[in-house]
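What follows is a set of notes on a single structure, which appears directly below.
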């Protein structure tokens, strides 16, 4: 059945090209779907019934994938651009540069005003946006591995179809920030403001939200294997169509609706308390 589920994912994502995080995201989704299928089979469903119920639980990806540039990631891969020039960095910091489909690798864009800028299809690995203002900025199909956004204001920013492996958001403002179909493995969120933040169809495996306050945060169809919420506070947090059995909620505080959703999804809620 694994091959059938993989074929379903391949067909679902085929219209959207090879955006940077596709391999990671689809692999984690495959694991989630396989777990869902196995659970349904244990409940006595036939193979056909379990398969149909599994893919039905996936939902409609079109609304999210509409925000991922189609086919532009290949353009980025074929540009053959090298390390960012000092001139390009200066122009970017001054706000006089077009940012889409360019290379700003290891660029220092800290303490910059870049609100509303579009960094789609750009290579921004190991760059620094520390303490920068990035309200409403767009990062679609971008390579951001190892980049730092510490202390940055990312209110209403959009990260879609992007690779954010190892990115640091320590102390950053993530109010209304959207992470969709993106890889966030090993990302850091220490001290970040998480209010109305959306993590849809994204991989957060092994990430930590320990001791954090999460309000109206959305984890729908996200991968949360070994993701930790120890001693965190959760208010109106959504986990629809998300496998939460391997997430860690020890010592967490949450409202009754969030608790009921997690309990119904099979989460282990030892030592949790109501707000």
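In this note's numbering, the protein residues as written are 493 to 767.
Cβ coordinates follow ideal geometry from the N, Cα and C atoms, glycine included.
Review point. Between 731, 706, 544 and 721, which lies nearest to residue 493 when the distance is taken from Cα to Cα?
Key: 544
Point to revise | Burial state of residue 538 (16 or more Cβ within 10 Å) | key: exposed
Point to revise | Assigned secondary structure, residue 589 (DSSP; H/G/I helix, E/B strand, else coil) | key: Any reading at residue 589 must be qualified, since the residue scores a pLDDT of 45, below 50, and its modelled position is unreliable; the value itself is stated next. In the structure shown, residue 589 sits in coil (DSSP, three-state: anything other than H, G, I, E or B).
Review point. Span of the beta strand (DSSP E) holding residue 726?
Key: 725-727
Practice item. Return yes when the Cβ of residue 635 is within less than 8 angstroms of the Cβ of residue 617, no when it is not. Key: yes
Check your understanding: Roughly how many angstroms lie between the CA atoms of residue 517 and residue 675, to the nearest whole one?
Key -> 6 angstroms
Exercise for review: Provide the residue span of the alpha helix (DSSP H) that contains residue 505, from first to last.
Suggested key: 494-505
**Study point:** Cα-Cα separation, residue 748 to residue 686
**Key:** 19 angstroms
Review point. What is the DSSP secondary structure of residue 617, reduced to helix, strand or coil?
Key: coil
Review point. By the 10 Å Cβ neighbour count, where 16 or more other Cβ atoms means buried, how is residue 627 classified, buried or exposed?
Key: buried
Review point. Among 679, 763, 752 and 732, which one has its Cα closest to the Cα of residue 740?
Key: 763
Check your understanding: Among 496, 505 and 506, which residue has its Cα nearest to the Cα of residue 529?
Key -> 496
Review point. Hey, residue 659 and residue 689: beta-carbon distance below 8 angstroms or not?
Key: no
Review point. In this structure, does DSSP put residue 690 in helix, strand or coil?
Key: The answer is strand: DSSP assigns residue 690 an E or B state.
Exercise for review: Could you check what DSSP says for residue 648 in three-state terms: helix, strand or coil?
Suggested key: It is coil, neither helix nor strand.
Practice item. Thinking residue 641 and residue 661 are a contact (beta carbons under 8 angstroms), I'd like their distance in whole angstroms, please. Key: 5 angstroms
Practice item. Give me the Cα-Cα distance between residue 738 and residue 670, rounded to the nearest whole angstrom. Key: 24 angstroms
Exercise for review: Assign residue 503 to one of two classes, buried (16 or more other C-beta atoms within 10 Å of its C-beta) or exposed (fewer than that).
Suggested key: exposed
Exercise for review: Could you tell me how far apart the beta carbons of residue 701 and residue 731 are, in whole angstroms, since I believe they sit closer than 8 angstroms?
Suggested key: That pair is no contact at about 13 angstroms.
Review point. For residue 750, which of helix, strand or coil comes out of DSSP?
Key: helix
Check your understanding: What residues match up with residue 735 in a beta bridge as DSSP calls it?
Key -> 715
Review point. I think residue 743 touches residue 727, with their Cβ atoms under 8 angstroms apart; what is that distance to the nearest whole Å?
Key: Not quite, the Cβ-Cβ distance comes to about 16 angstroms (not below 8 angstroms), so this is no contact.
Check your understanding: Quick one, which of 619, 654 and 736 has its alpha-carbon nearest residue 760's?
Key -> 736
Exercise for review: Given a cut-off of 8 angstroms, decide if residue 696 and residue 715 are closer than it, judged by their beta-carbon atoms.
Suggested key: yes
Check your understanding: What is the DSSP secondary structure of residue 755, counted as helix, strand or coil?
Key -> Reduced to three states, the DSSP call for residue 755 is helix.
Check your understanding: What whole-angstrom Cβ distance do residue 598 and residue 629 have, given they're in contact under 8 angstroms?
Key -> With 8 angstroms as the limit, residue 598 and residue 629 do not qualify as a contact, their Cβ atoms being about 19 angstroms apart.
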